[in-house]
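Chains as they are written, first to last, in my numbering: chain A, -11 to 187; chain B, -11 to 187. We treat Cβ as the ideally placed atom computed from N, Cα and C, and that holds for glycine. Please read all numbers here as calculations on a predicted model, not as lab measurements.
2 protein chains.
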Amino acid sequence: MTTQLDATTPRAGAGREKVVAAALELFAERGVSGTSLQMIADRLGVTKAAVYYHFKAKRDIVLAVVRPALAEIATIAEDAERERSQAVRTEVLLVGIVDLLIRHRRLYGIIESDLAVGEILATDPILASLGERLAAVLIGPDPDPGQIVAANMFLAGLKSAGASAAAGLTDDELRTHILDCGRRLLRRRRQPSGRTATP
Amino acid sequence: MTTQLDATTPRAGAGREKVVAAALELFAERGVSGTSLQMIADRLGVTKAAVYYHFKAKRDIVLAVVRPALAEIATIAEDAERERSQAVRTEVLLVGIVDLLIRHRRLYGIIESDLAVGEILATDPILASLGERLAAVLIGPDPDPGQIVAANMFLAGLKSAGASAAAGLTDDELRTHILDCGRRLLRRRRQPSGRTATP
DNA sequence: GTCTATACTCCGATAGAC
DNA sequence: GTCTATCGGAGTATAGAC
Chain A
-11 MTTQLDATTP RAGAGREKVV AAALELFAER GVSGTSLQMI ADRLGVTKAA
39 VYYHFKAKRD IVLAVVRPAL AEIATIAEDA ERERSQAVRT EVLLVGIVDL
89 LIRHRRLYGI IESDLAVGEI LATDPILASL GERLAAVLIG PDPDPGQIVA
139 ANMFLAGLKS AGASAAAGLT DDELRTHILD CGRRLLRRRR QPSGRTATP
Chain B
-11 MTTQLDATTP RAGAGREKVV AAALELFAER GVSGTSLQMI ADRLGVTKAA
39 VYYHFKAKRD IVLAVVRPAL AEIATIAEDA ERERSQAVRT EVLLVGIVDL
89 LIRHRRLYGI IESDLAVGEI LATDPILASL GERLAAVLIG PDPDPGQIVA
139 ANMFLAGLKS AGASAAAGLT DDELRTHILD CGRRLLRRRR QPSGRTATP
C-alpha cells in the first residue's frame, strides 16, 4: 500500500506526506471536486479529523499537491526577467513554461480537468501574483492593448491546449505546436508609434 | 427585457422568470459559486423550496441564465458550417463569435470569473457538443495536430482574453485585438506532406 | 504530536402538508 | 405555488485520549 516513505522525511511530515500522496492518487482518479476529505481519510485508514490535523483546509491540500510545479514556474519567471531583451525574455519564458507543461503533463491534466482547482489557484495570493508576473513578462514594458490580449489568451489557452488537444500527441509534437502558437500570438507587430522595444 | 410572453408561454413562466432575473443579479454581484439557493430565495422573499419548484437543481438555473447566448452560438456555428471554403468558415465563425463575446461582455464576465460555471457548462451534453462543433469548424477537414492545438488554444483563451484584458479597453479595441489573435492562431501554415486539401 | 469522537453550519435536494 | 421539515454530505471545528 502506502510504502512511499522510508527515512527521507523523518519528522515534519510523515503523516502529512501520506495525505499528499493519497490526495494525489484520488485527485487523479476522481478529480479534486470529486474527492472529499472523507475519501482521503478512508484511504489512509484514519478519520477526517486526522487529515484536518495536517491541513487546515482542503484547499491547502490542493496547494500542497501543486506546489512543486509552482516553484518551477517562479524559477522560470526569474530566469526570464533577468534577460535584457524583451524578445529574449518572451522566448525564455515561452520555452520554459511549455517545457514545464510537457514534463508535468499528467499533473496539468488534473489541474485542467477539474475547474475547482483553478478557483483555488486563482484565490491564492502567491499564485495570483505569479500569473500576473508571467503576463508582465509576455506583455513587456510597452504594453499596447493587442499585446495584453495576446498574452492573456496564450496563458489561458496553455492549459486547455495541453489537456484537450493532448489526445494522441507525443510530448515532442505537443511541445512544438504549443511553442508555435505562443510565438504566433506573442510576436510583436509593428506599432503605429514606432516605439517598439525590439526593432 | 421580458418580452417573452405573448401567448407562447402564458403560464409556465412568471415565477420562473423572477428566479432567473434574481439569479442573474446575484451571479453578477457575487459569482455563481458565491450565490446559494438561499440567497436567491431571500431576494425573492420566498424559501429555498419555492425556488426548487421552478428548477430541479442549481445548475438548471445557471443554464437558464446562459441559454440565450448559447442559442446564438449555435446559430453562428450553423452559418459557418454552410460555407464552402474552409478559410471562409473559419472567418465567419471567428467574426461571429468575437462579436457575440463583445455584445455579451458582461455575461461573459460572469461566466469567466466563476470557474464553477465552466464546470456546469462542460457537463451539459448540449454545450459540450457545441464546443466540439466550434472546434471542428476551426480545425477543418484535414486535422493536423498544429491546427488542433491552435483551435483549442483560441477557444480556451477567448473567455479569458475578454474578461481579464477587458480593463480599460473599448468594445471596438477588444474586438479588433481578439480578432487579430484569432487570425494569427488559426491561419493555416504550409504543411509538410502536401496532403492538405483533398485526400 | 498524533489521532478519535463528536458536533456544528451550510449547502443542495426531497417529501408532503396547506 | 409555496410552505415546513428534513435529509445526507460537504467542509470545518474543538475537546480530549494516547
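Whole-angstrom distance between residue j and residue i, CA atom to CA atom
i       : j       : result
V53(B)  : V8(B)   : 6 Å
G84(B)  : A75(B)  : 14 Å
E107(A) : S101(B) : 9 Å
K36(A)  : E66(A)  : 39 Å
E120(B) : R176(B) : 19 Å
R224(A) : A68(B)  : Within the shown structure, residues of chain A are numbered from -11 to 187, placing residue 224(A) beyond reach of any answer.
H113(A) : C169(A) : Going by the sequence as given, residue 113(A) is Pro instead of His. If I take the Cα positions, the gap works out to 29 Å.
A2(A)   : R31(A)  : 16 Å
F43(B)  : I166(B) : 36 Å
L115(A) : L173(A) : 24 Å
V125(B) : G19(A)  : 30 Å
L25(B)  : D48(B)  : 12 Å
M27(A)  : E79(B)  : 48 Å
A155(B) : L58(A)  : 27 Å
P133(B) : A38(B)  : 50 Å
E17(B)  : L146(A) : 29 Å
L143(A) : A10(B)  : 34 Å
R171(B) : D160(B) : 16 Å
H92(B)  : I64(B)  : 14 Å
T158(B) : R94(B)  : 13 Å
R4(B)   : Y96(A)  : 40 Å
T111(A) : A29(A)  : 25 Å
I98(B)  : F15(B)  : 7 Å
V137(B) : V34(A)  : 43 Å
I188(A) : I127(A) : As shown, chain A starts at -11 and ends at 187. That puts residue 188(A) outside it, with no answer to give.
V86(B)  : R70(A)  : 36 Å
S117(A) : L82(A)  : 18 Å
P131(A) : P131(B) : 35 Å
L103(A) : Q135(A) : 26 Å
Simplified DSSP state of residue i, which is helix, strand or coil
i       : result
G128(A) : coil
H92(B)  : coil
R70(A)  : helix
T63(A)  : helix
R147(B) : The question names Arg, yet the displayed sequence has Lys at residue 147(B). Three-state result, K147(B): helix.
V50(A)  : helix
S101(B) : helix
T186(B) : Low local confidence applies: a pLDDT of 47 at T186(B) is under 50, so the model's placement there is unreliable, with the coordinate-based value given in what follows. The answer is coil: DSSP assigns T186(B) none of H, G, I, E or B.
D30(A)  : helix
A9(B)   : helix
G106(B) : helix
S117(A) : helix
K36(A)  : helix
F43(B)  : coil
T23(A)  : coil
G84(A)  : helix
G3(B)   : helix
Among the options, the one whose alpha carbon lies nearest that of residue i
i       : options                           : result
P129(B) : A45(B), L82(B), R72(B), H42(B)    : R72(B)
A149(A) : M141(B), S148(B), L88(B), L126(B) : M141(B)
R163(B) : L143(B), I127(B), S21(B), I90(B)  : I90(B)
V50(A)  : E60(A), T63(A), G22(A), R171(A)   : G22(A)
Y41(A)  : P56(A), K6(A), E60(A)             : K6(A)
L109(A) : H92(A), K46(A), E13(A)            : K46(A)
L88(B)  : V34(B), V105(B), P56(B), R70(B)   : P56(B)
L122(A) : E13(A), L103(A), A139(A)          : A139(A)
T12(A)  : Q135(A), V105(A), I61(A), V137(A) : Before going further, note that residue 12(A) is Leu rather than Thr in the sequence given. Checking every option, the nearest Cα to that of L12(A) belongs to V105(A).
Practice problem: Can you check the segment 153 to 180 of chain A for any alpha helix (DSSP H) of at least 4 residues that lies completely inside it and give the ranges in chain order? | Solution: 159 to 174
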